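*Asks:*
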Amino acid sequence: MTLLSIHNLSLPIEDPVLKFLLVLIIILAAPLLLNKIKVPHLLGLIIAGAVIGPNGFNVLARDSSIVVTGTTGLLYIMFLAGLEIDMGDFKKNKWKSLTFGIYTFTVPFVLGYFGAYYILHFSVLTSVLFASLFSSHTLIAYPLISKLGIAKNPAVNITVGGTMITDILALLVLAVI
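Sequential numbering of the sequence shown, starting at -9, is according to my numbering.
Shown next, in the form of structure tokens:
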């Protein structure tokens, strides 16, 4: 008899408490193990997610609870980035951030729209929704940048501001649709 059959478990795990426990153990244990082999924590967490995910060992399915946990993590990273931004530098670079944000939103949005509309033959609204998925990006590398001590670099400040602008614009597109 296996451990899974004793506890009447099957893969992927369905019990929300066990899901939360497993994710919490990985979040807490992975950095400790990865310090020993000198691998960045973020990379290790991404690898752990791939291994236990539906395309790995299928321990956890990608359902709404996992999506909410991931979204919460990304929002937390953006919050931390906002805490570390020097507002004086941000005000000094606001036009560069605005320009960077608009360009990094518009170019993928236009390419995504035309690709969805003309190549995939989606409807106009579906193409706009599809394009908005391409036009936003996250600050997933920010913890590594902060750890390396280059978060005060003006380029990082401009990138953080631009990312906030692209996310706001993508949310506005989603709100209109």
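Think of the CB as a built atom: it goes at the ideal place given N, C-alpha and C, for glycine as much as any other residue.
Just so we're clear, the structure is a prediction, and the values are computed from it rather than from any experiment.
1) Measuring only the C-alpha atoms, how far is L24 from T156?
2) Can we say the region 146 to 166 touches the region 77 to 94, given the rule of at least three CB pairs closer than 8 angstroms?
3) With DSSP as the reference, label T156 as helix, strand or coil.
4) Let me know the secondary structure DSSP gives T59 once reduced to three states.
5) Buried or exposed: A139, going by 16 or more other Cβ atoms within 10 Å of its Cβ?
6) If you measure between the beta carbons of G56 and V118, is that distance less than 7 angstroms?
7) Identify whether H31 lies in helix, strand or coil by the three-state DSSP scheme.
8) Using the C-alpha atoms, what's the distance from D53 back to P44?
9) Could you tell me the alpha carbon to alpha carbon distance between A121 and V114, rounded to whole angstroms?
10) Only counting runs of 4 or more residues, tell me where the alpha helix (DSSP H) segments fall wholly within the region 73 to 115, in order along the chain.
11) Tell me which residues share the same chain as E74 and place their Cβ nearer than 7 angstroms to its Cβ, disregarding the 5 neighbours each side in the sequence.
12) So the alpha helix (DSSP H) P44 belongs to, where does it begin and stop?
*Replies:* Looking at the atomic coordinates:
1) Within the sequence shown, the letter at position 34 stands for residue 24. Within the sequence shown, the letter at position 166 stands for residue 156. Their backbone Cα atoms lie some 32 angstroms apart in a straight line.
2) yes
3) Here residue 156 corresponds to residue number 166 of the sequence shown, with the count starting at 1. The answer is helix: DSSP assigns T156 an H, G or I state.
4) Translated into positions along the sequence shown, residue 59 becomes position 69. Taken through DSSP and simplified to helix, strand or coil, T59 comes out as helix.
5) By one-based count along the sequence shown, residue 139 stands at place 149. Reading off the sequence shown, one finds Gly at residue 139, where the question assumed Ala. Label assigned to G139: exposed.
6) Here residue 56 refers to the residue found at position 66 when the sequence shown is read from its first residue. Here residue 118 refers to the residue found at position 128 when the sequence shown is read from its first residue. Rather than Gly, the amino acid found at residue 56 in this sequence is Ile. For I56 and V118, no; Cβs fall outside 7 angstroms.
7) Locating residue 31 in the sequence shown gives position 41, where the first residue counts as 1. Note: H31 maps to helix in three-state DSSP.
8) For this step, residue 44 is matched to residue 54 along the sequence shown. For this step, residue 53 is matched to residue 63 along the sequence shown. Straight-line Cα distance between these residues: approximately 10 angstroms.
9) One-based indexing of the sequence shown puts residue 121 at position 131. One-based indexing of the sequence shown puts residue 114 at position 124. Going by the C-alpha atoms only, they are around 10 angstroms apart.
10) 77 to 82 and 84 to 104
11) Translated into the one-based positions of the sequence shown, residue 74 becomes position 84. Once the five neighbours on either side are set aside, the close Cβ partners of E74 are S136 and A141.
12) As a working mapping, residue 44 is identified with position 54 in the sequence shown. Here P44 belongs to no alpha helix (DSSP H), and DSSP marks it neither H nor E.
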